[in-house]
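Below: one structure, written as C-alpha cells.
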Amino acid sequence: MTDDPVVLDLMDSEPAYSSESGGLFQEDSRESLKQLPDGCIDLVVTSPPFALQHKKEYGNEDQEGYNDWFMEFAEEVHRVLAPHGSFVIEIGGAFEKGWPKRSIYQFQLLTRLVEEGDFDLAQDFYWYNPAKLPNPIEWVNVRKIRVTDAVTHIWWLSKDLNKDSAVKDGEHPQPEASNQRVLQEYSESHKNLLETAEYNDGKRGSGWDIDPESFANKNEGSIPDNLIEGHSAQGVLDRWDEISALKFLELISDEGPEDLSAGDLLRTLGMGGPNPDNLVEASNTASNTHYLRMCREFGFDHHPARFPRQIPEFFISFLTPDPPYDDWDRGTLDRPIVLDIFAGSNLTGKVAESKGRYWLGFEREEQYVQTSQFRFMDEDEIRDSLNDETSDFGEFAEVGND
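Put into C-alpha cells, the structure is as follows:
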C-alpha cells in the first residue's frame with residue numbers, strides 16, 4: 001500500500017499489508033511476538049477472544065483452559081514491553097454453563113498476570129455498552145432472574161511500576177502516562193462553579209476538609225474517570241425527532257452524529273452532565289463507519305466482535321505522548337510503538353496511525369486481515385484492488401454493480 005515504515009524492520013516476516021506508520025501480520029501472535037526484540041514496544045492495547053460457553057466464528061477459546069492459553073501470550077508481551085510500557089486488555093465476562101452464576105475466569109487471569117506474569121495492575125477501567133444483548137437468554141429473558149450484563153472489564157497493566165517516578169517537573173512517569181492528555185471538557189455545573197466561585201467548602205461529615213481554593217483553578221479541562229463514555233450518537237437520534245436534532249446540530253456544530261458519542265451529542269443538545277468515573281461508555285453497534293460501509297458495499301463479512309474506537313483512542317492518548325517527538329528518548333524508534341496482538345479489524349492500528357504513533361498488528365484469521373485493510377483505503381482503492389487479478393480479496397467476496 002505504501003513504502004514500508006521503519007517499524008516493520010523489527011519483524012522478520014513480511015506484513016500482509018502496511019501503511020504509512022505500521023503493518024498487519026497474518027500470524028499467530030505467539031509466533032509473531034517471538035520475532036520482536038526485548039523491550040521495543042511502548043504500548044499493547046488488545047481485546048482477546050473472550051472465554052465463552054461456546055466457540056464463536058472469531059476464534060475464542062472456551063472457559064476451560066482459557067487462562068493457560070492466554071498466559072502463553074502474556075509471557076511474550078512482558079518481554080517485548082519497554083520498562084515504561086503498558087499492557088491494556090479489554091476482557092469480557094461470562095456465566096458458567098447451565099448456571100445463573102458468573103464465571104470468575106477473568107479475575108483468576110488477572111491474578112495470574114500479576115502473580116505469575118510479573119505485571120502490576122495500574123488501574124482497572126470499565127466499558128459500559130448499553131447496546132449489549134441480554135445474555136444468557138435463559139436467566140435474563142426467560143426466567144427473568146438476572147439483569148443485562150452491560151459492563152466489560154479493562155485491565156491496565158504495567159511492566160515496571162515505579163511509585164517514585166514523576167515526582168519532580170520533567171521526570172518521566174513509570175509507566176508512561178499523563179491524564180493531562182485526556183482531559184475532558186468541564187461540565188456546565190463546573191463551569192458555573194468556576195464562574196461564581198460559590199461552593200460549599202469546609203469540613204464534611206466524612207472527615208474531608210475542603211479548602212476554599214480547591215475548585216478555584218481553571219485548567220484546560222477535568223481529569224477523566226475510569227469509566228469510558230462514547231457509544232454511538234445514532235442511538236440517541238433514534239429516540240429523538242431525528243430531523244430536529246440534525247438541524248440543531250447543523251446550526252451549532254461542524255460535526256455530524258457519526259463524529260460524536262452519545263454523551264457528546266447529549267451535551268451538545270444541552271442535555272448532558274459530567275462524565276462518570278472510570279467507565280468507558282461505548283456501544284459497538286455503530287452502523288455507518290467507513291469499515292462497515294465498505295464491508296456492506298463489497299459483500300464482505302465484518303469482524304463480529306469489534307471494540308469501539310473510544311477504547312484504543314483513550315489509552316493511546318493516555319499512555320503514550322503526543323507528537324511532536326523532538327524530545328522523545330524513551331523508545332526504540334523516534335516515536336511510540338503501539339501493538340495489538342489480537343488485531344481483528346485493526347481499529348487499534350488505524351487509531352494509532354491517526355494519532356501519529358507507529359503500530360503493529362497480529363491477526364491469524366485471513367478474512368479479517370483482508371477486510372481490515374478497508375480502514376486504510378478509500379472506496380476507489382478498494383474497488384481497484386478487488387478488480388485486480390492478483391488481489392487476495394477475490395476468494396472472500398464478489399463486487400456488486402450497485
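The opening position of the sequence shown corresponds to residue 1 in the UniProt record's numbering, with each subsequent residue numbered one higher.
Idealized CB from N, CA, C, for every residue including glycine.
Remember, predicted model here, so these are calculated numbers, not experimental data.
Taking the C-beta atoms as reference points, F107 is found no nearer than 8 Å to N226.
The shortest CA-to-CA distance from R357 to any of L8, S21, Y17, I228 is the one to S21. In the structure shown, Y325 adopts coil according to DSSP, grouped into three states.
The continuous alpha helix (DSSP H) containing F73 extends over residues 66-80.
Ranking D28, D12, V6 by CA distance to the CA of A343 puts D28 first. Membership of S372 in any beta strand (DSSP E) is not indicated; the residue belongs instead to the alpha helix (DSSP H) covering 366-372. Note on geometry: alpha-carbon atoms of E176 and L360 lie some 19 Å from one another. In the DSSP assignment, T111 falls within the unbroken alpha helix (DSSP H) covering 105-115. Counting along the chain, the unbroken beta strand (DSSP E) around T46 starts and ends at 41-46.
S385 is not bridged by DSSP to any residue.
The alpha carbon of L110 has as its nearest neighbour, out of V80, V88, D12, the alpha carbon of V88. P48 places its beta carbon less than 8 Å from that of I91. Within the same chain, M1, G23, L24, Q373 come within 7 Å of Y17 by CB-CB distance, once the 5 residues on both sides are set aside.
When the beta-carbon positions are compared, W127 and T152 come within less than 8 Å of each other.
In the three-state reduction of the DSSP assignment, Q180 falls in the helix class, which pools H, G and I. The segment 3-30 is shown to contain whole beta strand (DSSP E) runs of 3 or more residues at 22-25, in chain order. The beta carbon of P224 sits closer than 6 Å to those of V182, Q184, all from its chain and outside the five residues before and after it, given in chain order. Distance between G349 and L81, taken at the CA atoms: about 17 Å. Between D38 and R79 the beta-carbon gap is near 6 Å, inside 8 Å, which marks them as a contact. By the beta-carbon neighbour count (other beta carbons within 10 angstroms, threshold 16), Q26 is buried. With a cutoff of 8 Å on beta-carbon distance, L319 and I41 are scored as not near each other. In terms of Cα proximity to W155, the closest of M71, E75, I145, T46 is T46. Where I337 is concerned, there is no enclosing alpha helix (DSSP H), although the beta strand (DSSP E) around it starts and stops at 337-340.
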